[in-house]
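Residue numbers (the working numbering): 246 to 1280. Think of the CB as a built atom: it goes at the ideal place given N, C-alpha and C, for glycine as much as any other residue.
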C-alpha cells in the first residue's frame, strides 16, 4: 500500500499548475490520436463567462447553449490553435473589438442565435484564415462597411433571420474574392436587384439563399453574378423581372418550397433555365395539380428531381416523361402505389427513393429500370418479396427493405441481383429464411437480418454467399443456430449472432473472421452454456464481444480458457454479464496482443491483478459496474501503455493519486457514479484532477461527494484541501507536546509565582483605582497609612501613635481598626495606600521577612513611581547592614533615592528623647533633602495642636490618675506605663502568634478585642489584636 505523499509535494501540486489543463470545470476534453486534435466541449453547461482554463492547444471549442452575454478581448485571445469556435445559442450582445485578433488558425466561427445588433469595423480583425462565418438568428440591423475587410479567405456567410434592410449592408461581402455561399434569408429586404448593389467588380458568389423573404422586385444579372449556380427561393414571395435571359444560363440548382409565386411565373423561370440540373420542389401541391411537372420534364438538362413532401395522388405518374433523370426522390409523399409505366422512359435512372410511403408491395415498374443501382424502400408496408420484383434490375447494388412488414422471402427473390452488394432486411417480421440465400446473390457483401423473428438458422442458409464479409443475425427471438449454419462463409470478417446458451453452431470454417459478437439469450430451460469447439479455432479473430441478455440464474458463463488461448491475434475482448466473479488469473495468458478489455456486470471485488500481467500492451480498460472498491490493483502490474481507463458505477470511495504516476500513458479517466468521500484521503486526487496536463477526467468537475453525510451532494473539487497539509500524526504529537508543556508551566506558575501573579493583578487594580481617584480629585481621608510587622506593634502603639495622632493631630490608617471586615486583604491594602497622603513603612528585620509587609511596600513604591511624589516614608527601627538588604533590591533602590527615618541613629544624635518621632528625621540622600517631609502642616498648626494636647493631658491628670481600663490599659499617660500593663501586652502577643494561621482568609484589622481609642485618644490593647492579623507571616 502506498502512503500519502509529504505535504510539501501536495503544496507544490497546488501552486505549480500547468497552463494546459485537461480537467476543465464544466467542460469535457477529447484529445489524443494521430491527428493531435483537441476537442473541448463546454456546451449546455449554463456558463456565464468563457472558462479561463481552456487548453491553449485546443483545436475545437464548443461553448454553445450557455448563458454568455459578452465576449471580452482576453476571453479567447490565447486560443491561437483553435480552428472551430462555436458560440451559438447564447445571449451574446457585445463582442469587444480585437477579441479574435490572435486566432489566426480559426477557419469556422459560429455565432448564430445570439443578440448581436451590429457588426463593428474591428470585430473580425485578425481572422485572415476564416472561411465560414455563421451569424444567423441575431438582431443585426447594421454592418459597418469595413467589417469584412480583414476576411480575405471567407467563403461562406450565413446572415439569415436578422433585421437587415439595406442592400448596402452586404455590398462589401459580395466583393470578397473567395466568397462562394451567402445566406440572407428571413431579413427585412424589400428587394434584391443587381443594379442596387453598385458593385465595382463581378462577384464570385456561387450559392445564394434568399428563402423566407418577401421581395417586391427580384432580378439577377450575369454581369454582377457571372458564377452564380444555385438559388434557394423557398418560403419566399417575389416578382422576378427577367430582363436579361442570359442571367439564368449558369443556374444549375434551384430550390422551391412553399414558394408563394404563381405557377405561370415559375414556368417562365424554368423555361429560361437552360442549364438547370438539380431541381427541388417541396410542398408545391397546387403547382403540380396545375401541370407544372410537364414543364419540368421538358428541361433537357435536368438530372436530379426532388419531389419529397408533396401529398399529390399518382405523383409518380406525373414524372413519366422526365426521361433524362438520374436521381428521383419521391419519399415522404404518401405514395401507396406506382402506376405501371411511371418509370419506363427513365433509362438513365440510377437512384430511386421511395422510403417513408405507404407501399404494400414492391412496385412492378421497378423491374423495368435496368439502370437502377440504389433503391430505397424502407419504412413502407411491404409484406412479401416475390421472384419477379427484381427480375430485370440486374444492375442493383444497394437495396434497402428495412422497417417493413415482410414475413417471408422466396428462394428466387434475390437470385437475379448479380451485382448486389448491400441488402438491408432488418426490423421486419421474417420468421424463416430457408433457402432464400441458397442461390445468391453471389456478390453480396453485407447482409442485415437483425431484429426479425427467425427462430432457427439451419444448415446451409448462407452457403451461396461466398463473398459475404458482414453478417448480422442478432435477435432475441433466435432459439437455435445449427452447427453448419455458417458453412460457406469463407470471406466473412464480421459476425453478430444471437444464440441460446446451449448453442451448437460451428464457427470452424470462418477462417477470416475478425470481429465476432455473440449475444446469448436465456431460455426457460435454464440449461448451462455449451461452448462449441469451433470457437477454439478462430485464430484470426481480433475482436470478440460476448454478452448475456437478462439474469442467468447463477449459471457460470465464463469463457473457457482454452477458447481464448486459441485467439492469439485477439486485440479487443468484451464480456458483459458473463462472469459471476473475477476471471482466472490465467485467462489471458495467450492474448499478449490484447489492446482493449471490457468486463461489466460482474463482481470483481476479489480481482487478482495477475490476470493483467500477460497483457502489458493494454491500452483501454473498462471495468464499469463490477463492484471494485480500490484501485490498488493498478500498482501491482505493468500498465505503462494504458490510455483509457473507465471505472464507472463502482464502490470507489478514495483514490490514491500517486498511482497515476505508474500510468504514464493515461489520457482518459472516467470515474462517474462512484461514492467518493470529501476528506483528506482524496486531497491528492483532487489536486491531480485540477492540475494534470495529460489525463482528461471525464466530467471530473461534476463528481459529487457521498460521504460524510454533511457534505453529501456537494462538489468533490470544492473540498478545501489546504486543511489537509499537516500530517495527522505530527499534529497529534504537536498538540500533546503543547498540552504537556502548558500543564507543566501552569503547575510551576501556581507553585512558585502564584503570589507574584496575584500581586501583579492587584497592582493593575491599584493603577485603575488611582487613575479613577485622580480624576475625581477627592482629598484622601487619611494622612498616612502605617505598614508594620506584628513584632513591632508595641512600638507603633506606644511610640508612634501618641506622637502623630495625639500630638500632631494626624489621622492614621491602621489595619486592625480601619480595614473593612470581609473584604479581600489586597483590596484593603490598596484602598489604605491610595486613601492616604503618605505611607509610613516601619522597617525591621521581621518586616523584611514578612510577605504581606513586602507587598505593602511594593504597592506603595508603585504609587511613588507612578505619581512621582513623595508619598512613601521609610522608618528603620534597627540597624540593618547593607548585605542583609541585598535580596531586597526594591528596598535598596528606595534607600538610594528617598529620605528615610532611622530610630537608632536618632537615639545617638538625641540621647534624651527617644519618644519624639517627629525629631527622628535624618536626611540621607545625596541631594540633602530634609526630614520635613514627614510632617503635616506648618509650625503654627503643630504648635496649636501641641497646646491643645497639653491642656487635655493636664485635665486628664487632674481628673484621674490614669486612664481607665477598656479591655486593657491606656498607653498615652504621661506618668509612664506600669510593668503590669506591659506584661499583659506581651502575653496577648504570644497568644495571638500561637493561635492565628495567617491573615489571608480573615483580613487585616479585624480585632477580637476592644477598641483602644478613648475619647482623648489611645485605647488600650487588651486581649490581643483579635481576628488574627499576621500580615505576611505566611510564606
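Discussion item. I'd like to check one pair, residue 670 with residue 693: are the Cβ atoms closer than 8 Å?
Written reply: Yes.
Item to complete: Output the distance between the C-alpha atoms of residue 592 and residue 496, rounded to the nearest integer angstrom.
Response: Distance between the alpha carbons of residue 592 and residue 496: 25 Å.
Item to complete: List the endpoints of the continuous beta strand (DSSP E) containing residue 462.
Response: Counting along the chain, the beta strand (DSSP E) containing residue 462 begins and ends at 462-464.
Practice prompt. Please report how far the alpha carbon of residue 764 lies from the alpha carbon of residue 803, in whole angstroms.
Written response: Approximately 14 Å, taken between the alpha carbons.
Worksheet item: How long is the line joining the alpha carbons of residue 1107 and residue 1034, rounded to whole angstroms?
Response: Each residue's alpha carbon lies about 20 Å from the other.
Discussion item. So residue 640 and residue 615 are supposed to be a Cβ contact under 8 Å. How far apart are they, rounded?
Written reply: Between residue 615 and residue 640 the Cβ distance is about 6 Å, and since that is below 8 Å, they are a contact.
Discussion item. On the DSSP letters alone, give me the boundaries of the alpha helix (DSSP H) that residue 1070 sits inside.
Written reply: Element bounds for residue 1070: 1070-1079.
Discussion item. Does residue 1210 pass the burial test, meaning 16 or more other C-beta atoms within 10 Å, or should it be called exposed?
Written reply: The predicted model places residue 1210 with a pLDDT of 36, which falls under 50 and marks its position as unreliable; any figure quoted below should be read in that light. Taking every protein chain shown into account, the CB of residue 1210 has fewer than 16 other CB atoms within 10 angstroms, so this residue is exposed.
Practice prompt. Would you mind giving the Cβ-Cβ distance between residue 402 and residue 433, rounded to the nearest angstrom? I have them listed as a contact below 8 Å.
Written response: Their Cβ separation, rounded to whole angstroms, is 17 Å, which puts residue 402 and residue 433 out of contact at 8 Å.
Worksheet item: Roughly how many whole angstroms lie between the Cα atoms of residue 360 and residue 335?
Response: So the two alpha carbons sit approximately 8 Å from each other.
Fill in: Nearest-angstrom beta carbon gap, residue 1122 and residue 1037 [assumed within contact, 8 Å]
Sure, about 6 Å apart at Cβ, within 8 Å.
Worksheet item: Would you report the Cα separation of residue 1116 and residue 981, rounded to the nearest angstrom?
Response: Distance between the alpha carbons of residue 1116 and residue 981: 51 Å.
Practice prompt. Let me know the secondary structure DSSP gives residue 927 once reduced to three states.
Written response: Here residue 927 sits in helix by DSSP.
Worksheet item: Taking the continuous alpha helix (DSSP H) assigned at residue 319, which residues delimit it?
Response: From DSSP, the alpha helix (DSSP H) with residue 319 extends over 318-321.
Discussion item. Considering Cα atoms alone, identify which of 843, 844, 926 and 815 is closest to residue 837.
Written reply: From the listed residues 843, 844, 926 and 815, the smallest Cα separation to residue 837 is found for 815.
Worksheet entry | Helix, strand or coil at residue 423 [DSSP, three-state] | Residue 423 falls in the coil class under three-state DSSP.
Worksheet item: What does residue 527 pair with, by DSSP beta-bridge criteria?
Response: Answer is 502, bridged to residue 527.
Worksheet item: Closest to residue 667 by CA distance: which of 811, 996, 624 and 685 is it?
Response: Measuring from the Cα of residue 667, the nearest candidate turns out to be 685.
Worksheet entry | Local Cβ density within 10 Å of residue 941, reported as buried at 16 or more and exposed below that | Taking all protein chains shown into account, residue 941 has 16 or more neighbouring C-beta atoms within 10 Å of its C-beta and is therefore buried.
Discussion item. Does the distance between the C-beta of residue 447 and the nearest non-hydrogen atom of the ligand FMN fall short of 7 Å?
Written reply: This structure lacks the ligand FMN; in fact it carries no ligand of any kind.
Worksheet item: Which same chain residues, not among the five before or five after residue 642, have their C-beta less than 8 Å away from its C-beta?
Response: Counting only Cβ-Cβ distances below 8 Å, and skipping sequence neighbours, we find 618, 619, 664, 665, 666 and 667.
Worksheet item: CB residue 1084 to CB residue 1030, shorter than 8 Å?
Response: Yes. Within cutoff.
Discussion item. Using only CA atoms, which one of 571, 572 and 588 lies nearest to residue 561?
Written reply: For residue 561, the nearest C-alpha among the options comes from 588.
Item to complete: Along the beta strand (DSSP E) that carries residue 401, what are the first and last residues, could you check?
Response: Its beta strand (DSSP E) spans residues 401-403.
Worksheet item: Who are the Cβ neighbours of residue 1081 in its own chain at under 6 Å, not counting the five residues just before and after it?
Response: If we look at residue 1081 and ignore the five residues flanking it on each side, its Cβ neighbours are 1025, 1027, 1029, 1030 and 1058.
Discussion item. Quick check on residue 857: buried or exposed, where buried means 16 or more other Cβ atoms within 10 Å of its Cβ?
Written reply: By the neighbour-count definition (other C-beta atoms within 10 Å, threshold 16), residue 857 is a buried residue.
Practice prompt. Could you tell me the distance, in whole angstroms, from the CA atom of residue 506 to the CA atom of residue 514?
Written response: Approximately 11 Å, taken between the alpha carbons.
Worksheet item: For residue 739, which of 703, 938 and 690 has the nearest alpha-carbon?
Response: The residue with the shortest Cα to Cα distance from residue 739 is 690.
Worksheet item: Tell me the DSSP bridge mates of residue 915?
Response: Partner(s): 891.
Item to complete: Tell me whether the beta-carbon of residue 629 lies closer than 8 Å to the beta-carbon of residue 611.
Response: Pairing residue 629 with residue 611 gives a Cβ-Cβ distance that is not under 8 Å.
Practice prompt. Give me the Cβ distance between residue 901 and residue 876, rounded to the nearest whole Å; I'm assuming they're in contact under 8 Å.
Written response: Contact holds; Cβ gap of about 7 Å.
Discussion item. Quick check on the DSSP output: the beta strand (DSSP E) that includes residue 475 runs from which residue to which?
Written reply: Counting along the chain, the beta strand (DSSP E) containing residue 475 begins and ends at 475-477.
Discussion item. Can you list, in chain order, the residues of its chain with a C-beta nearer than 6 Å to that of residue 1041? Leave out the 5 residues immediately preceding and following it.
Written reply: 1033.
Practice prompt. Decide if residue 488 is buried, meaning its Cβ has at least 16 other Cβ atoms within 10 Å, or exposed.
Written response: Counting of Cβ neighbours within 10 angstroms places residue 488 among the exposed residues, the total staying below 16.
Discussion item. Assuming contact is defined by CB atoms lying nearer than 8 Å, are residue 921 and residue 893 in contact in what I supplied?
Written reply: No, Cβ-Cβ distance for residue 921 and residue 893 is not below 8 Å.
Worksheet item: To the nearest angstrom, how far is it from the Cα of residue 716 to the Cα of residue 758?
Response: Between the C-alpha atoms of residue 716 and residue 758 there is a straight-line separation of about 11 Å.
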